[in-house]
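Notes for the one structure printed next.
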Amino acid sequence: MTNSSKRILVAVCLLIPAVLFAQFETAEVLGTVRDNSGGVVPKANVTLLNQETGIQAKTSTDENGNYDFFNVHIGRYTVTVEAAGFTKFSTIDVTVNVNARQRVDVALQVGAVTETVEVTGVAAILQTDSSEHAQVINTQQIVELPLNGRSYADLALLSTNVHRSPMSVLFAANGTPREGAVNVNGMRSTYNNFLLDGLDNNAYSPSNQGYSSQVVQASPDALSEFKVLTSNFSAEYGRVGGGVINAALRSGTNQFHGSAGEFLRNTDLNAVGFFPPAGGVKPTLHRNQFGVSIGGPVIKNKLFFFGDYEGFRQIQRYANFDSLPSLSDRGGALPVAVVNPLTGTVYPANTPIPISQLNPFAAKVLNDLPALNGPGRSNNFEALLLVRDYSDKYDAKLDYQINDRMTSFVRFSQRKDLPYFAPDIPGPSGGGGNGHIHAIQQQAAIGYTWSVTPSQLFEARFGFTHVLAGKVPPYLGGSSMQDLYGIPGLPTTPSLTGGLNTQSVTGFNAFGRQGTNPQFQNPTSFNPKFSYSWLKGRHSLKTGYEFVAIRTEVLDVNPLYGSDTYGGQFSKPTCAQLGQAAGCTIANDATSYNLADFIFGLPNTIQLSNNLVTNTRQHIHSLYVQDDFRVTPKLTVNLGLRWEFATPLWDRDNYWSNFDPAANKLIQASNGSLYNRTLVHPDYKDFGPRLGFAYTVRPKTVIRGGYGISYSFFNRPGSAQEGINSPAAIFGIISQSIPAGGPVPSTFLTTQKSFTTGISNTANFNPITSNIDYIPADTRWPYTQSWLVSVQQQLTKNTVLEVAYNGNHSLRLPIIGDYNQAAPNQPGQTLGVQARRPIQSFGPITWLDPAGSNNYNGLSARLEHRFSAGLYFLNSFTWSKALGDSEQALESFPGYSVANPQNIHNLAAEKAPTSFDVTFVNVTSVVYELPVGKGRKFGARWNPVVDTVLGGWELNAINTANTGNPINVFYAPSAANDVTGLTQDWRGQAFLRPNVSGSGIDQSKAAMINTYFAGYTFTTPAASAPFGSLGRNAFRAPGLVQWDLGVNKRFRITERFALQFRSEFFNVLNHTNFGLPNQTSTSAAFGTIRTTYPARQVQFALKLVF
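According to my numbering, the sequence shown holds residues 969 to 2074 in order.
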């Protein structure tokens, strides 16, 4: 811990007894007691009874007739009011949601206190005491709605201003999805804040190797409910520019309750998609998801327990297309004439190159490629690739009522997930993809609450989270490149060896294993937080402190096993070599020349990194104060201020380095001050005011609004941050060239010699070829200003309509670019990238430029019918626009976006809809218990046989319809056009946009899948003007329409036990939702669509509920 962090922590601890307060996942029940003439009733006795645990709390009304219970756990309650001269009042089934301010106003009648008036439906359904814009997802929705994959966080999509991120499971079924990835109010998905039981539940691995936005991914059967706060939340919540997902795990009650069941899915139940697989074989799917939950009393009214377990077993295959060399390509018969610069021999088009002239390594790799099952070169190999996923997770929780003033809880949660992604290219020349992934996530939580007085509350909580997450290639530990191919200089230790290293031949899918494998990120976080509250008259005062310490062990340098790239720069013959006059026409077939370079063993780029593990650190301190002031019976004002201090990240071993633009040199981290260790000045000025109001215009109409500022602290490029900087991290890169027409320099490294130079040794650090990161020393954290205006109208006793406008403006967003971006070639020039850089002593300098900005405007409408008479209904509609000039580092999803602008010096050209801008989103959800059978409106007296057949049916559905996300069109620049040289996805890539003319035309579905960009003409810009006229995110992906349906039947066994049979149909109408088109304008497959999102999937389940 740094000295400044220690000082802050000590100061805050001294302040705790006097000023701390927070609500965490609990709620408030408040109201005003009046007589039947409207006058307030002071000193009335109010009792709040938890109907499930039997625990009660008591208070009395103040001089204004107001009462407030501010430490209320979610559940169902009875509110009882007694006052001299009035009849006793009691209302039952008051539902209290997570973090709610539930108003229950009471009107007493004159009479004897021995008489009791019992009513229902008194609790207000309008939000009259809070300005926050939020959606509660209740128990019925979580448990009953058809939920594909049973990830509760997907139900956040039922809220307005929320839609699925391109990083989510649905968008990445064949890759590495990120669970819980949603975009809220047009913000990046990593700008959300996940809480569980009031404690931090965020996944802090910057690369999100655990493939989840949250650590504990609770089973739906383990959750009571959760709340999605999208705007204008109180100062209690920070470290977030997007939304807050606040979940509460279930607790035991005085009665045993629980469930046990299994969900089944298999190949026969699924429909065939739009693109039938080769051979007509339906992709395999076998999924079993099973679990049990139980909660109950250890000591009634005193000690309660809850536990749950869920297992997941899935074996799946999906259709995948790759582009591989054709049979004639593999034999050296290329469709254009090529030259071997090593010998000067020219081989005419379609003439096999003699075997003796083939590079032995290349010949073996090509020979080991699988047989093709498609024509041509593009998408000519289809395979049903295996994805195997086995996971287990559990939670255990104890709640203890110490006495009538003190409570506590303890919880432990764990998830172990071991997915496997088979290589897209099978056999010895394959091995790509993520391979074996592991994610082991653990969290422990402790909470203590003390009601100091009826109007004061102290609460303390502590959370500890530990994650082990990473991936290793399929053939890890196998034979080395030396043993397999006779190539020296590459690692020989089993922790790195195995299979073919990465061989990238532009125009084809890469051969060999994934260049970013192996890799891991193992974050650990500590999260103490404290609170104190004080009710004073019409003020509900709250203040709190929270501390988060994050430690992450990271291996994220690559390629650790070497990589060769073949760019077609050497085998394209000159006119003289072809025996033709100068200025002759030479075939322009880049893919063939790239392959010829590989065949002759002529890499233009050779890469190898050292095996560096870093240990990053970050501390976050937060202080806030909140005053919810009931100005008048109709007006409540919410005032808050939050101060946050997040240290810049640093490394335990001072591996950090940073570029100094004043001296054009690297500076190294050292012991001492926080700046010495982080090389970035700390930012102590992050104050976030919150202002909101709720005004009751009429008893059934409320106007709410507010403004706030929030900060985000988790967006740095790359897992190791500045730890991936040289000279600690060595990214050895050799770029080679041969003069046109030869001769080949004696120093040129062919494939067999490429790694004999020790390029990854620390002594060989070269600032021109190494990775250099630059984070400006005065960088401050990104922040978001947000505002809200909404109107709520109660339509019926249980139905609310809300229309809202949400807006925000984000500044200081990080943009990844090349600080040493090369100038374009002058007309007639063909200089390489390095020769055109402004700082000649350095190569690419990855610049985290805090110059990005986004803005969002959204109009939403929400119609909600609270659960009554067996029906729950929610329709959320959002019409919005998100504009920005940058994308999220490590959130750029293939096809949707890249993290870097094409020209870092012209951000105005990047202003466009963001990659997560979705114009229209409408989500409808319904939970409906048909009113037929025992205990329902019709058939209440049926005999058991009839009731078994006709009673107990439920219909549940989610219908989603949204327009498509923005997408780009790129061209892969030649060496003459390139201005960055960036090649790693976390640094950005050398993607530039082409010139464009024309306009789109309407097409049929059949035509669209082959010519998605029909009507447009794309051309590659000249090297002297490499930045095309096409704007960023100029096109839209296909939209999504999907209806998920659940038909459930409940068989009652006894009064407390029931058996539920569930049949769930995802995409029940089998509507085809197309994937992305190929977006590389220079590719032969440009504009073609060969993927869809899942066709209809059917799931059956059997659950025992008690």
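Each residue gets a CB set at the ideal place from its N, CA and C atoms; glycine is no exception.
Quiz prompt | CB contact flag (ILE2091, SER1972, <7 Å) | solution = For residue 2091 there is no data in the structure shown, the boundaries of the chain being 969 and 2074.
Quiz prompt | Beta-carbon spacing of SER1127, VAL1196 below 7 Å | solution = One-based indexing of the sequence shown puts residue 1127 at position 159. One-based indexing of the sequence shown puts residue 1196 at position 228. Yes, the Cβ-Cβ distance between SER1127 and VAL1196 is below 7 Å.
Quiz item: Out of curiosity, what's the CA-to-CA distance linking ASN2096 and TYR1534?
Solution: Residue 2096 cannot be examined here, being either before or after the span of the chain that is shown, 969 to 2074.
Practice problem: Measure how close the beta-carbons of LEU1076 and VAL1049 come, nearest whole angstrom, since I'm counting them as under 8 Å. | Solution: The residue you call residue 1076 lines up with position 108 of the sequence shown. The residue you call residue 1049 lines up with position 81 of the sequence shown. With a Cβ gap of about 7 Å, LEU1076 and VAL1049 count as contacting.
Exercise. Using three-state DSSP, classify GLU1855 as helix, strand or coil.
Key: Here the question's residue 1855 lines up with position 887 in the sequence shown. The answer is coil: DSSP assigns GLU1855 none of H, G, I, E or B.
Quiz item: Using a threshold of 6 Å, is the CB atom of ASN1160 nearer than that to any non-hydrogen atom of the ligand NAP?
Solution: This structure simply doesn't include the ligand NAP, nor any ligand for that matter.
Quiz item: Can you pull the DSSP bridge partners for THR1604?
Solution: By 1-based counting over the sequence shown, the position of residue 1604 is 636. In DSSP, THR1604 forms a bridge with ARG1598 and ALA1662.
Quiz item: Taking just the CA atoms, how far does ILE1813 sit from ARG1955?
Solution: Position 987 of the sequence shown, counting from 1, holds the residue named residue 1955. Position 845 of the sequence shown, counting from 1, holds the residue named residue 1813. Bear in mind that a pLDDT of 48 at ARG1955, under 50, signals an unreliable position, so the number given afterwards is only what the model happens to contain. Roughly 9 Å separates the two Cα atoms.
Quiz item: What are the residues that DSSP puts in a beta bridge with TYR1984?
Solution: What you label residue 1984 is simply residue 1016 of the sequence shown in a count that begins at 1. For TYR1984, which the question treats as bridged, DSSP gives the partners GLY1966.
Exercise. Could you tell me which of PHE2042, VAL2073 and LEU1642 sits nearest to THR2060, measuring between CA atoms?
Key: Locating residue 2060 in the sequence shown gives position 1092, where the first residue counts as 1. Comparing Cα positions, the closest option is PHE2042.
Practice problem: Take the Cβ of VAL1184 as the centre, count every other Cβ of all protein chains shown within 10 Å, and call the residue buried at 16 or more, exposed below. | Solution: Along the sequence shown, read from residue 1 onward, the residue named residue 1184 stands at position 216. It counts as buried.
Quiz item: How close, in whole Å, do the beta carbons of SER1472 and SER1577 come, if the pair is a contact with beta carbons under 8 Å?
Solution: As a working note, residue 1472 is residue 504 in the sequence shown. As a working note, residue 1577 is residue 609 in the sequence shown. Wrong, their Cβ atoms sit about 15 Å apart, outside the cutoff.
Exercise. Select from THR1979, THR1948, ALA1940 and ASP1165 the residue whose C-alpha is nearest the C-alpha of ASN1963.
Key: Taking the sequence shown and counting its residues from 1, the one referred to as residue 1963 is at position 995. Residue ALA1940 is the option with its Cα nearest to ASN1963.
Practice problem: Note down, in chain order, each residue of its chain lying with its Cβ closer than 7 Å to the Cβ of THR951, except the 5 sequence neighbours on either side. | Solution: There is simply no residue 951 to check, as the chain begins at 969 and stops at 2074 in what is shown.
Quiz item: What whole-angstrom Cβ distance do PHE1597 and THR1604 have, given they're in contact under 8 Å?
Solution: On the sequence shown, position 629 is the one that residue 1597 refers to. On the sequence shown, position 636 is the one that residue 1604 refers to. Correct: roughly 7 Å between the Cβ atoms.
Quiz item: Under the rule that 16 or more other beta-carbon atoms within 10 Å means buried, what is GLN1794, buried or exposed?
Solution: Within the sequence shown, the letter at position 826 stands for residue 1794. It is exposed - the Cβ of GLN1794 has fewer than 16 other Cβ atoms within 10 Å.
Quiz item: Whose CA, out of ARG2058, GLY1206 and VAL1212, lies closest to the CA of ASN1153?
Solution: By one-based count along the sequence shown, residue 1153 stands at place 185. For ASN1153, the nearest C-alpha among the options comes from VAL1212.
Self-check item: Same chain only: Cβ atoms within 7 Å of ASP1746, ignoring 5 sequence neighbours per side
Solution: Start at 1 with the first residue of the sequence shown, and residue 1746 comes out as number 778. HIS1649.
Quiz item: Since ARG2020 contacts PHE2074 with CB under 8 Å, what's their CB separation in whole angstroms?
Solution: Looking up residue 2020 in the sequence shown gives position 1052. Looking up residue 2074 in the sequence shown gives position 1106. The Cβ separation is near 11 Å, so there is no contact.
Practice problem: Using beta-carbon positions only, say whether ASN2001 and ALA1908 come within less than 7 Å of one another. | Solution: The residue labelled residue 2001 in the question sits at position 1033 within the sequence shown. The residue labelled residue 1908 in the question sits at position 940 within the sequence shown. The answer is no: Cβ separation not under 7 Å.
Quiz item: Ordered along the chain, which non-local residues of its own chain (more than five positions away) have a Cβ less than 6 Å from that of ASN1176?
Solution: If you number the sequence shown from 1, residue 1176 lands on position 208. Its pLDDT being 48, under 50, ASN1176 is placed unreliably by the model, and the measurement read from it follows with that caveat. The answer, listed in chain order, is ARG1146.
Quiz item: Going by beta carbon distance, what residues of the same chain come within less than 6 Å of PHE1995, once the five residues before and after it are set aside?
Solution: On the sequence shown, position 1027 is the one that residue 1995 refers to. Answer for PHE1995: GLN1870 and ASN1871, listed in chain order.
Quiz prompt | Which residues DSSP lists as bridging THR1470, in chain order | solution = Stepping through the sequence shown from its first residue, residue 1470 is reached at position 502. In DSSP, THR1470 forms a bridge with SER1531.
Quiz prompt | Proximity of GLU1278 and SER1192 at Cβ, strictly below 7 Å | solution = In the sequence shown, the residue the question calls residue 1278 occupies position 310. In the sequence shown, the residue the question calls residue 1192 occupies position 224. No, Cβ-Cβ distance for GLU1278 and SER1192 is not below 7 Å.
Quiz item: Between ILE1023 and chain D, is there a C-beta pair that is closer than 7 Å?
Solution: No chain D is part of this structure, which consists of one protein chain only.
Self-check item: Contact between the region 1115-1134 and the region 1150-1165 (3+ Cβ pairs under 8 Å)
Solution: yes
Exercise. Can you check the region 1717-1768 for any alpha helix (DSSP H) of at least 4 residues that lies completely inside it and give the ranges in chain order?
Key: none
Quiz item: Any idea what DSSP makes of LEU1898, helix, strand or coil?
Solution: Start at 1 with the first residue of the sequence shown, and residue 1898 comes out as number 930. Of the three classes helix, strand and coil, the one that applies to LEU1898 here is coil, per DSSP.
Exercise. Tell me whether the beta-carbon of ALA1407 lies closer than 7 Å to the beta-carbon of GLY1431.
Key: Here the question's residue 1407 lines up with position 439 in the sequence shown. Here the question's residue 1431 lines up with position 463 in the sequence shown. Going by C-beta atoms, ALA1407 is not nearer than 7 Å to GLY1431.
Quiz item: When the distance is taken between beta carbons, is HIS1404 closer than 7 Å to VAL1889?
Solution: Within the sequence shown, the letter at position 921 stands for residue 1889. Within the sequence shown, the letter at position 436 stands for residue 1404. Taking 7 Å as the Cβ cut-off, VAL1889 and HIS1404 do not qualify as a contacting pair.
Quiz item: What is the rounded straight-line gap between the Cα of LYS1653 and the Cα of ASN1161?
Solution: Here residue 1653 corresponds to residue number 685 of the sequence shown, with the count starting at 1. Here residue 1161 corresponds to residue number 193 of the sequence shown, with the count starting at 1. Going by the C-alpha atoms only, they are around 21 Å apart.
Quiz item: If you count every other CB in all the chains shown that lies within 10 Å of the CB of ARG1523, and 16 or more means buried, which is it?
Solution: Sequence index remark: in the sequence shown, residue 1523 carries index 555 (1-based). Position check: residue 1523 holds Leu in this sequence, whereas Arg was assumed. It counts as buried.
Quiz prompt | Cut-off 6 Å between Cβ atoms - residues of its own chain near PHE1380, not counting five sequence neighbours on either side | solution = Sequence index remark: in the sequence shown, residue 1380 carries index 412 (1-based). Taken in chain order, the residues that qualify are ALA1364 and ALA1412.
Exercise. Measure from the alpha carbon of THR1313 to the alpha carbon of each residue in ASP1336, PRO1541 and THR1375, then state which is nearest.
Key: For this step, residue 1313 is matched to residue 345 along the sequence shown. Of ASP1336, PRO1541 and THR1375, the residue nearest in Cα terms is PRO1541.
Self-check item: Coil, strand or helix - ASP1946 by DSSP
Solution: In the sequence shown, counting from the first residue as 1, residue 1946 sits at position 978. In this structure, ASP1946 counts as coil in the three-state DSSP scheme.
Quiz item: If you check the beta carbons only, do SER1678 and THR1752 fall under 7 Å apart?
Solution: Reading the sequence shown from its first residue, position 710 is the one you call residue 1678. Reading the sequence shown from its first residue, position 784 is the one you call residue 1752. The answer is yes: Cβ separation under 7 Å.
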